[in-house]
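Encoded as structure tokens, the structure appears first; notes follow it.
There are 2 protein chains.
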Amino acid sequence: MAVTMHDVARRAGVSIKTVSNVVNAYPHIRPETRRRVQEAIDDLGYRLNTTARNLRQGRTGMIGLALPELSLPYFAELADSVMRAAEARGVVVLIEQTGAQRERELQALDSAQRRLTDGLLFSPLALEPEETEKLEVDYPMVLLGERMFGPVDHVTMANVEASRAATLHLIERGCRRIAAIGAHPGETMGSARLRYDGYRKALAEAGVPFDPRLVVEAGLWHRATGAEAMSTLLDSGVPFDGVFGMNDALALGALHVLHARGVSVPHDVAVMGFDDVDDARYSEPLLSTIDPGREQIAQTAVDLLLDRIGGSTVEPRRVVAEFQVVARESSMLGRLVPQGG
Amino acid sequence: MAVTMHDVARRAGVSIKTVSNVVNAYPHIRPETRRRVQEAIDDLGYRLNTTARNLRQGRTGMIGLALPELSLPYFAELADSVMRAAEARGVVVLIEQTGAQRERELQALDSAQRRLTDGLLFSPLALEPEETEKLEVDYPMVLLGERMFGPVDHVTMANVEASRAATLHLIERGCRRIAAIGAHPGETMGSARLRYDGYRKALAEAGVPFDPRLVVEAGLWHRATGAEAMSTLLDSGVPFDGVFGMNDALALGALHVLHARGVSVPHDVAVMGFDDVDDARYSEPLLSTIDPGREQIAQTAVDLLLDRIGGSTVEPRRVVAEFQVVARESSMLGRLVPQGG
DNA sequence: CTGTTAGCGCGTTCAA
DNA sequence: TTGAACGCGCTAACAG
Numbered sequence: 023m024a025v026t027m028h029d030v031a032r033r034a035g036v037s038i039k040t041v042s043n044v045v046n047a048y049p050h051i052r053p054e055t056r057r058r059v060q061e062a063i064d065d066l067g068y069r070l071n072t073t074a075r076n077l078r079q080g081r082t083g084m085i086g087l088a089l090p091e092l093s094l095p096y097f098a099e100l101a102d103s104v105m106r107a108a109e110a111r112g113v114v115v116l117i118e119q120t121g122a123q124r125e126r127e128l129q130a131l132d133s134a135q136r137r138l139t140d141g142l143l144f145s146p147l148a149l150e151p152e153e154t155e156k157l158e159v160d161y162p163m164v165l166l167g168e169r170m171f172g173p174v175d176h177v178t179m180a181n182v183e184a185s186r187a188a189t190l191h192l193i194e195r196g197c198r199r200i201a202a203i204g205a206h207p208g209e210t211m212g213s214a215r216l217r218y219d220g221y222r223k224a225l226a227e228a229g230v231p232f233d234p235r236l237v238v239e240a241g242l243w244h245r246a247t248g249a250e251a252m253s254t255l256l257d258s259g260v261p262f263d264g265v266f267g268m269n270d271a272l273a274l275g276a277l278h279v280l281h282a283r284g285v286s287v288p289h290d291v292a293v294m295g296f297d298d299v300d301d302a303r304y305s306e307p308l309l310s311t312i313d314p315g316r317e318q319i320a321q322t323a324v325d326l327l328l329d330r331i332g333g334s335t336v337e338p339r340r341v342v343a344e345f346q347v348v349a350r351e352s353s354m355l356g357r358l359v360p361q362g363g
Numbered sequence: 023m024a025v026t027m028h029d030v031a032r033r034a035g036v037s038i039k040t041v042s043n044v045v046n047a048y049p050h051i052r053p054e055t056r057r058r059v060q061e062a063i064d065d066l067g068y069r070l071n072t073t074a075r076n077l078r079q080g081r082t083g084m085i086g087l088a089l090p091e092l093s094l095p096y097f098a099e100l101a102d103s104v105m106r107a108a109e110a111r112g113v114v115v116l117i118e119q120t121g122a123q124r125e126r127e128l129q130a131l132d133s134a135q136r137r138l139t140d141g142l143l144f145s146p147l148a149l150e151p152e153e154t155e156k157l158e159v160d161y162p163m164v165l166l167g168e169r170m171f172g173p174v175d176h177v178t179m180a181n182v183e184a185s186r187a188a189t190l191h192l193i194e195r196g197c198r199r200i201a202a203i204g205a206h207p208g209e210t211m212g213s214a215r216l217r218y219d220g221y222r223k224a225l226a227e228a229g230v231p232f233d234p235r236l237v238v239e240a241g242l243w244h245r246a247t248g249a250e251a252m253s254t255l256l257d258s259g260v261p262f263d264g265v266f267g268m269n270d271a272l273a274l275g276a277l278h279v280l281h282a283r284g285v286s287v288p289h290d291v292a293v294m295g296f297d298d299v300d301d302a303r304y305s306e307p308l309l310s311t312i313d314p315g316r317e318q319i320a321q322t323a324v325d326l327l328l329d330r331i332g333g334s335t336v337e338p339r340r341v342v343a344e345f346q347v348v349a350r351e352s353s354m355l356g357r358l359v360p361q362g363g
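Protein chains in written order, with the working numbering: chain A, 23 to 363; chain V, 23 to 363.
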């Protein structure tokens with residue numbers, strides 16, 4: 023079998039506790055003792071049994087990260103940021119995919135993994151607002167990326183403010199008929215709704231008339247759906263001179279179709295995305311977008327979660343990350359005359 | 023504290039063992055007993071303590087997946103596939119990023135997480151061939167995506183054959199001066215070397231002369247480095263009419279620069295990638311590429327690993343996934359006359 | 001500075 | 001078909 027502390031203790035001629043002390047870097051050990059123990063550890067190839075330690079301590083040193091899909095670049099990059107933040111704080115991340123399905127999001131709240139992690143970072147996408155009560159779980163949890171209620175810590179991006187800024191950016195560039203791609207009609211608190219609200223807010227503030235025909239639905243926020251939405255819009259014949267993709271994938275898909283259909287970006291149509299994923303730096307033209315502060319979100323979320331795991335019982339906290347408008351080629355020039363489809 | 027089997031047993035008026043039997047779906051239990059126990063479980067909100075079970079059973083039900091970076095789309099998609107395959111088989115995946123750094127890859131082989139997982143799926147990128155001995159670990163391991171030696175199970179893509187096919191595809195389209203982007207000079211067994219070998223093989227077989235000036239280095243296989251490599255190539259003035267990007271990211275980066283510099287794809291230059299990531303379906307033009315059989319790789323790798331975890335001691339196995347040439351727009355037309363830079 | 005003791009919560013003997 | 005006792009490997013008390 024595996025070599026245990028017991029074996030090491032016997033070999034080093036000390037007690038099991040001393041071995042434990044050495045392994046756990048307990049400061050008050052005689053150098054000579056430490057050396058002997060270390061030697062025994064090396065000789066025997068001993069490795070601490072993490073599971074036993076976890077059982078004993080009642081903690082696992084793991085946190086869960088439940089997100090829609092790793093193959094969505096935003097979430098892959100978020101996972102990356104979270105893992106780095108966690109590593110810097112000495113904990114390990116256990117990723118779970120929910121496929122952005124309501125059922126599976128609920129499952130994640132109650133899966134077997136919950137007994138394996140000390141807490142959960144949860145990025146729900148499909149959960150309905152009337153289900154926020156289900157978020158009142160009995161373990162440490164921090165919500166990511168959305169505005170939902172319930173007595174839970176949240177770290178969110180400034181969805182409304184940032185999409186307002188994105189839309190204003192297009193307006194400042196001269197756009198007057200700005201399409202919004204990615205709407206989820208009927209939704210009352212998800213990103214889609216919030217970003218739509220920001221879009222409406224910007225239009226209203228700038229006195230730019232709202233035209234519902236410029237709002238295009240897209241359930242999943244993939245490039246494919248962005249491309250589809252743009253095709254639909256072009257086919258509809260409704261004129262537009264700007265596009266606000268509710269995330270970069272949608273915007274990049276739209277960009278692709280615009281190009282294919284001979285619409286020049288940014289000359290005929292200016293385009294903005296949201297998320298600032300890596301890809302936005304390599305599209306043709308380079309995609310203007312919103313940097314939602316992903317690093318800050320990841321670090322703050324891990325910090326809040328570890329604070330809860332540490333036993334904090336302060337009131338639920340809401341942290342909104344700082345965002346930035348990233349102006350690249352796709353919004354460099356506004357167009358003055360609306361363009362027909 | 024948390025409710026234990028003990029509490030459930032007392033409440034149901036049975037012994038701990040009976041509760042355990044119910045929880046573990048042991049067949050021979052009187053329906054009445056089962057009902058009483060189940061009721062107690064529900065009333066108390068009992069949840070099995072996975073850590074305790076793990077300690078007792080000597081297994082954790084988790085497998086590690088060590089890969090370079092989640093923000094590289096190929097690996098994000100691979101992780102997705104692996105997690106699905108694992109879930110279907112009832113195990114959980116613990117992802118670790120190595121940043122494609124030799125040091126961190128070695129660390130992954132020996133990290134604390136190794137005591138937390140029953141085995142490891144390892145996708146090394148930076149490890150040197152003379153270090154294959156380090157892969158002789160004392161826990162179940164399956165290597166992914168590379169050809170390395172040592173007595174270890176491997177699941178790999180057909181790097182040489184597939185890149186040969188990709189190059190032949192370009193040759194069939196009329197290309198005679200095909201640049202290869204992504205080389206790692208000096209490497210002897212990594213993907214870069216293997217794909218380069220396939221490229222050389224295709225040229226030789228088709229009687230197309232090899233010109234070393236057409237081989238461009240690129241350390242990291244990101245879009246940015248692909249873009250850089252293409253700029254370098256164009257600046258060099260060496261004529262070419264085809265590009266084989268050793269992965270899609272490199273090819274997409276190259277595509278971007280070609281477009282920006284006014285070189286028409288596929289009219290002036292045909293382009294092939296490798297990996298068939300999602301993005302290849304949304305570039306302008308659509309990127310031709312190699313589908314390396316990622317699903318098959320993920321499923322086979324998980325199966326092999328679980329087999330080892332189950333105690334199999336058969337000889338190390340090598341599985342090579344089936345690949346496919348995916349011809350899209352970027353290689354639709356060959357060009358007949360070489361083009362100057 | 002180091003040793004002894006007593007569980008963490010579960011599964012697995014072995015009886016009954 | 002169910003119960004009682006033991007121990008997986010470790011750490012927290014406490015003692016010395």
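No residue lacks a Cβ here, since even glycine has one placed at the ideal position from N, Cα and C.
Please report the distance separating the alpha-carbon of Thr247/V from that of Asn71/A. Their Cα atoms are separated by approximately 42 Å.
Out of curiosity, what's the CA-to-CA distance linking Arg81/V and Tyr161/V? Roughly 12 Å between the two C-alpha positions.
Straight-line Cα distance separating Ser133/A from Ala344/A: Checking the sequence, you will find Glu at residue 344/A rather than Ala. Straight through space, the alpha carbons of Ser133/A and Glu344/A are spaced by roughly 33 Å.
As an exercise, report each continuous beta strand (DSSP E) stretch of at least 3 residues that is fully enclosed by the stretch 133–210 of chain A, in chain order. With a minimum length of 3 residues, the unbroken runs of beta strand (DSSP E) contained wholly in the stretch 133–210 of chain A fall at 141–144, 163–166, 175–179 and 200–205.
Segment contact, 8 Å Cβ cut-off, at least three pairs: the stretch 231–248 of chain A with the stretch 261–270 of chain A: A contact is defined here as three or more CB-CB pairs under 8 Å, and the stretch 231–248 of chain A meets this definition with respect to the stretch 261–270 of chain A.
Contact residues within the stretch 56–90 of chain A, judged by C-beta distance below 7 Å to chain V: Within the stretch 56–90 of chain A, the qualifying residues are Arg69, Leu70, Asn71, Thr72, Thr73, Ala74, Asn76, Leu77 and Thr82.
Give me whichever residues DSSP pairs with Leu116/A in a beta bridge. Bridge partners of Leu116/A: Gly86/A.
What does Gly275/A touch in chain V if you count any residue whose Cβ is under 7 Å from its own? Near Gly275/A (Cβ distances below 7 Å), the residues of chain V are Tyr304.
Please report the residue range of the alpha helix (DSSP H) in which Thr72/V lies. Unbroken alpha helix (DSSP H) run through Thr72/V: Thr72 to Gln79.
Classify Ser310/V as helix, strand or coil using the three-state DSSP reduction. In the displayed model, Ser310/V falls within a strand according to three-state DSSP.
Three or more C-beta pairs under 8 Å: does that hold for the stretch 177–185 of chain A against the stretch 315–322 of chain A? The stretch 177–185 of chain A and the stretch 315–322 of chain A touch, with no fewer than 3 CB-CB distances between them shorter than 8 Å.
If you compare alpha carbons, which of Ala273/V, Val287/V and Thr40/V is closest to Tyr304/A? Nearest C-alpha to Tyr304/A: Ala273/V.
Mind listing the chain A neighbours of Arg350/V? Cutoff is C-beta to C-beta under 9 Å, in chain order. Within 9 Å of the CB of Arg350/V, no CB atom of chain A is found; the nearest one sits about 13 Å away.
Per-residue DSSP class, three states only, for Gly315/V: Coil.
State the Cα-Cα distance for the pair Ala34/V and Gly112/A, rounded to the nearest angstrom. Rounded to the nearest angstrom, the gap between the Cα atoms of Ala34/V and Gly112/A is 41 Å.
Report the residue ranges of all alpha helix (DSSP H) runs contained in full by the stretch 216–301 of chain V; include only those spanning at least 4 residues, in chain order. Complete alpha helix (DSSP H) runs here, min 4: 245–258 and 270–282.
9 Å Cβ cutoff met for Gly172/A and Leu192/A: For Gly172/A and Leu192/A, no; Cβs fall outside 9 Å.
Looking at the structure shown, is Arg357/V part of a helix, part of a strand, or coil, going by DSSP? Note that Arg357/V scores a pLDDT of 44, beneath 50, so its modelled location is shaky and nothing firm can be said.
Is it buried or exposed for Glu227/A, if we count other Cβ within 10 angstroms and need 16 for buried? Glu227/A counts as exposed, since fewer than 16 other C-beta atoms from the protein chains shown sit within 10 angstroms of its C-beta.
Between Ala202/A and the rest of its own chain, which residues show a CB-CB distance below 6 Å, the 5 nearest in sequence each way excluded? Cβ neighbours of Ala202/A beyond the five flanking positions: Tyr221, Val237 and Phe266.
Should Leu166/A and Leu143/A be called a contact, given that it needs their Cβ atoms to be closer than 9 Å? Less than 9 Å divides the Cβ of Leu166/A from the Cβ of Leu143/A.
Taking the straight line between their C-alpha atoms, what separation do you get for Leu277/V and Asp290/V? Approximately 12 Å, taken between the alpha carbons.
Per-residue burial, Ser37/A [other beta carbons within 10 Å of its own, 16 or more giving buried]: By the neighbour-count rule (16 or more Cβ atoms within 10 Å), Ser37/A is not buried but exposed.
Alpha carbon to alpha carbon, how far is Val342/A from Gly284/V? Cα-Cα distance, rounded: 43 Å.
If you reduce the DSSP assignment to three classes, tell me which class Arg340/V lands in. DSSP places Arg340/V in strand when its eight states are reduced to three.
Hey, Val299/V and Pro95/V: beta-carbon distance below 9 Å or not? Yes, the pair counts as a contact, with Cβ atoms nearer than the cut-off.
Comparing the C-beta of Asp298/V with each C-beta of chain A, is any distance below 9 Å? Asp298/V has a beta carbon lying at 9 Å or more from every beta carbon in chain A.
Just the chain V side, please: which residues come within less than 8 Å of Arg137/A by C-beta, in chain order? Those within 8 Å of Arg137/A in chain V are Arg69, Leu70, Asn71, Thr72 and Thr73.
In the DSSP assignment, find the unbroken beta strand (DSSP E) run with Gln123/A in it and report its ends. Taken as a continuous stretch (DSSP letters only), Gln123/A belongs to no beta strand (DSSP E), as it is neither H nor E.
Can you give me the start and stop residues for the alpha helix (DSSP H) that Val36/A sits inside? Careful: Val36/A lies outside any alpha helix (DSSP H) and carries neither H nor E.
I'd like the list of long-range same chain contacts for Asp270/A, defined as Cβ closer than 8 Å, with 5 residues on each side in sequence excluded. For Asp270/A, where only same-chain residues beyond five positions count, the Cβ hits under 8 Å are Pro95, Tyr96, Gly295, Phe296, Asp297, Asp298, Val299, Asp301, Ala302, Leu309 and Thr311.
To the nearest angstrom, how far is it from the Cα of Met252/V to the Cα of Ser352/V? The alpha-carbon atoms of Met252/V and Ser352/V are separated by roughly 15 Å.
Contacting residues, own chain, Cβ-Cβ under 7 Å from Val114/V (five flanking each side not counted): Hits under 7 Å: Gly83, Met84 and Ala108.
Can you give me the C-alpha to C-alpha distance between Glu61/A and Gln119/V, rounded to a whole angstrom? A direct Cα-to-Cα measurement between Glu61/A and Gln119/V gives close to 31 Å.
Excluding five sequence neighbours on each side, which residues of the same chain lie with their C-beta closer than 6 Å to the C-beta of Arg126/A? Cβ neighbours of Arg126/A beyond the five flanking positions: Thr120.
Of all Cβ atoms in chain A, is any one closer than 9 Å to the Cβ of Ser93/V? Interface flag for Ser93/V against chain A is set, since a Cβ pair is found closer than 9 Å.
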